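Written out below as structure tokens is the structure these notes cover.
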Amino acid sequence: MTLSLVASWIFLLFQFAVQYTAQGREVPKLNWRYGDKKDVYGITKQRVDDYFWIYAKQSNDVAQATNQKRDLDDISWIYGKKAQEISVNKYNGRGHAHYRHYHIKPSHHIFFTLEDLKIGKTMPLYFPRMPDPSKTPRLLPREEAESIPFSSSQLSRLLDYFSFPKRSPQAKAMAYTLQTCELHPIKGEVKYCAASLEAILNGVRQILGPDTKSQTLTTTYLSMHNTGDPLQNYTIQEAPKQVAASRMVACHPMPYPYAVFYCHSQPWSENKLFQITLGGPNGERVEAVAVCHMDTSQWNHDHASFRVLNIEPGSSPVCHFFPVDSIIWVPVQSSGV
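Sequence positions in the sequence shown follow mature numbering (1 follows the signal peptide of the UniProt record, and there is no 0) and run -24 to -1, 1 to 313.
Rendered as structure tokens:
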């Protein structure tokens, strides 16, 4: 199973574990109980604090997430780096007539419908800045990841280990991640959380098939202004390209002191995957990956997409763009296809 060059940024997450293997060095052991070698894997207070800024403003959402049981494509809000609740009145008239533009978080502007997939369509979309690799937690080697408890029942001990106060944004974010990973999947969904490359790949193999070769797709910024507003009007510039994929696995990074990916799939439901070229008003260009879920009848009524699109569960397919740091695994198509 290979990684696509499109997802080259993800190698930054794997780099630390790989460099020890390549140089023939023994990977240092991480004793989570005593914390004497957390820095070996970049689990330093500064790095962790830098990563958890995304929750400084979203703590209320984390508290409300405690009892959520919904399709967790609705985790996009975690990418809103201290995002101001931008007034989106300026997008009315150029976006979707079916959108409820008021009281929608900027980071929820990722949803659209199949009818929107046409050249020239303009809609307000939220694409946050590319994560800073120097502040991105690294994946741990499998042995070390498996040695650290990953359970809500161990949260107090984990907070003590990582030196986070119990009421801090970091603590709430960790609790959210643990609770999310422990939720039962909705009907027809397969989900797992992984903290090592081996765990990610094992899950992908189980879903796509043990002998299936796979590739990855990611949303890519071809041109992006780091100082620009992450919520912009984007226009579809080319005919959307549907990706032939009988199954797919989407993996999203979750807030945690080390890298944790939430991966999920709906192998028995119909989904349509697309690559879409978007252009912004100031020269921004995004090669985006999007999925359309054809059956939403099992989704929670409170799912953000229904509020944004003003539709009901099961009434219409729901499409959404993937953030730049999500990874989508699909089978490699044979040359004859």
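Beta carbons: idealized from backbone N, C-alpha and C, even for Gly. Computed from a prediction, not measured in an experiment: that's the story for all the values here.
Nearest CA to the CA of valine 180: which residue from Phe126, Pro206 and Phe237?
Taking the sequence shown and counting its residues from 1, the one referred to as residue 180 is at position 204. Comparing Cα positions, the closest option is Phe237.
CA nearest to the CA of asparagine 258, picked from Asn178, Ser291, Glu91 and Met200
Counting from 1 along the sequence shown, the entry for residue 258 is found at position 282. Of Asn178, Ser291, Glu91 and Met200, the residue nearest in Cα terms is Met200.
C-alpha distance - proline 233 paired with serine 144, whole-angstrom precision
Numbered from its first residue, the sequence shown carries residue 233 at position 257. Numbered from its first residue, the sequence shown carries residue 144 at position 168. The alpha-carbon atoms of proline 233 and serine 144 are separated by roughly 14 Å.
DSSP three-state call for asparagine 247: helix, strand or coil?
Start at 1 with the first residue of the sequence shown, and residue 247 comes out as number 271. In this structure, asparagine 247 counts as strand in the three-state DSSP scheme.
Span of the alpha helix (DSSP H), counted from its first residue to its last, around alanine 280:
If you number the sequence shown from 1, residue 280 lands on position 304. Unbroken alpha helix (DSSP H) run through alanine 280: 280 to 285.
Using DSSP with H/G/I as helix, E/B as strand and the rest coil, what is valine 308?
The count along the sequence shown starts at 1 and reaches residue 308 at position 332. Three-state DSSP puts valine 308 in coil, outside helix and strand.
Taking C-beta to C-beta, are phenylalanine 140 and alanine 226 nearer than 8 Å?
Start at 1 with the first residue of the sequence shown, and residue 140 comes out as number 164. Start at 1 with the first residue of the sequence shown, and residue 226 comes out as number 250. For phenylalanine 140 and alanine 226, no; Cβs fall outside 8 Å.
The stretch 253 to 268 in contact with the stretch 145 to 160 per 3-pair CB rule at 8 Å
no
Taking 7 Å as the cut-off, is the C-beta of tyrosine 137 nearer than that to any heavy atom in the ligand MN?
This structure simply doesn't include the ligand MN, nor any ligand for that matter.
Take leucine 249 as the anchor and find which of Ile162, Ser291, Thr195 and Thr98 has the nearest alpha-carbon.
Within the sequence shown, residue 249 is the residue found at index 273, counting from 1. Measuring from the Cα of leucine 249, the nearest candidate turns out to be Thr195.
Just tell me which of Gly290, Ser292 and Ser281 has its CA closest to the CA of proline 82.
Sequence index remark: in the sequence shown, residue 82 carries index 106 (1-based). Answer by Cα proximity: Ser281.
Please state if the CB of serine 190 and the CB of leucine 115 are separated by a distance shorter than 8 Å.
Along the sequence shown, one-based indexing puts residue 115 at 139. Along the sequence shown, one-based indexing puts residue 190 at 214. No; because the gap between Cβ atoms is not below 8 Å, this pair is not in contact.
Just verifying my parser: in three-state terms, what is the DSSP assignment at isoleucine 95?
Residue numbering aside, residue 95 sits at position 119 when the sequence shown is read from its first letter. Of the three classes helix, strand and coil, the one that applies to isoleucine 95 here is coil, per DSSP.
Short of 8 Å in beta carbon distance, which residues of its chain neighbour serine 222, apart from the five on each side in sequence? Order them along the chain.
One-based indexing of the sequence shown puts residue 222 at position 246. If we look at serine 222 and ignore the five residues flanking it on each side, its Cβ neighbours are Pro307.
Three-way DSSP call (helix, strand, coil) for glutamine 44 in this model:
Locating residue 44 in the sequence shown gives position 68, where the first residue counts as 1. Here the model assigns glutamine 44 a pLDDT of 38, short of 50, so the residue's position is not dependable and the matter cannot be decided.
To the nearest angstrom, how far is the alpha carbon of tyrosine 210 from that of lysine 217?
Translated into positions along the sequence shown, residue 210 becomes position 234. Translated into positions along the sequence shown, residue 217 becomes position 241. Near 17 Å, if we compare the C-alpha coordinates of lysine 217 and tyrosine 210.
Compute the distance between the beta-carbons of phenylalanine 87 and valine 300, then report whether it is under 8 Å.
As a working note, residue 87 is residue 111 in the sequence shown. As a working note, residue 300 is residue 324 in the sequence shown. No.
Can you check which of these residues, Gln130, Asp136, Pro289 and Ala235, is closest to alanine 121 by C-alpha distance?
The residue given as residue 121 occupies position 145 in the sequence shown. Minimum Cα distance to alanine 121 is reached at Ala235.
Can you check the stretch 162 to 195 for any beta strand (DSSP E) of at least 3 residues that lies completely inside it and give the ranges in chain order?
166 to 170 and 190 to 193
Just confirm the distance between the C-beta atoms of leucine 101 and glutamine 208, as a whole number of angstroms; I'd bet it's less than 8 Å.
For the purposes of this step, residue 101 is taken as residue 125 along the sequence shown, with counting starting at 1. For the purposes of this step, residue 208 is taken as residue 232 along the sequence shown, with counting starting at 1. So it is a contact: roughly 7 Å between Cβ atoms.
Phenylalanine 198 burial status per 10 Å Cβ neighbour count (16 or more: buried):
Along the sequence shown, read from residue 1 onward, the residue named residue 198 stands at position 222. It should be pointed out that residue 198 corresponds to leucine in this sequence rather than to phenylalanine. With fewer than 16 other Cβ atoms within 10 Å, it is exposed.
According to DSSP, residues forming a beta bridge with asparagine 258:
Position 282 of the sequence shown, counted from the start, is the residue given in the question as residue 258. DSSP, once it has assigned bridges, lists no residue as partnering asparagine 258.
Nearest-angstrom Cβ-Cβ length linking histidine 240 and lysine 142, presumed shorter than 8 Å:
Sequence index remark: in the sequence shown, residue 240 carries index 264 (1-based). Sequence index remark: in the sequence shown, residue 142 carries index 166 (1-based). About 29 Å; that fails the 8 Å criterion.
DSSP on leucine 90, reduced to helix/strand/coil?
Along the sequence shown, one-based indexing puts residue 90 at 114. Looking at leucine 90 - three-state DSSP - the assignment turns out to be helix.
7 Å CB neighbourhood of glutamine 274 in its chain, flanking five on each side removed:
Counted from its first residue, the sequence shown places residue 274 at position 298. For glutamine 274, where only same-chain residues beyond five positions count, the Cβ hits under 7 Å are Ile162, Lys163 and Gly164.
Buried versus exposed call for proline 186 [16 or more other C-beta atoms within 10 Å across all chains shown]:
Here residue 186 corresponds to residue number 210 of the sequence shown, with the count starting at 1. Label assigned to proline 186: exposed.
Expressed to the nearest angstrom, what Euclidean distance is found between the alpha-carbon atoms of methionine 270 and threonine 89?
As a position in the sequence shown, residue 270 is number 294, starting the count at 1. As a position in the sequence shown, residue 89 is number 113, starting the count at 1. Methionine 270 and threonine 89: Cα-Cα distance of roughly 10 Å.
May I ask you to list the residues that DSSP assigns as paired with leucine 207?
Locating residue 207 in the sequence shown gives position 231, counting from the first residue. Leucine 207 pairs with Tyr102.
In the DSSP output, what is proline 141 paired with across the bridge?
Position 165 of the sequence shown, counted from the first residue, corresponds to residue 141. In the DSSP output, where bridge partners are listed per residue, proline 141 has none listed.
What whole-angstrom Cβ distance do serine 118 and alanine 175 have, given they're in contact under 8 Å?
Looking up residue 118 in the sequence shown gives position 142. Looking up residue 175 in the sequence shown gives position 199. Serine is not the amino acid found at residue 118; the sequence shown has arginine there. With a Cβ gap of about 6 Å, arginine 118 and alanine 175 count as contacting.
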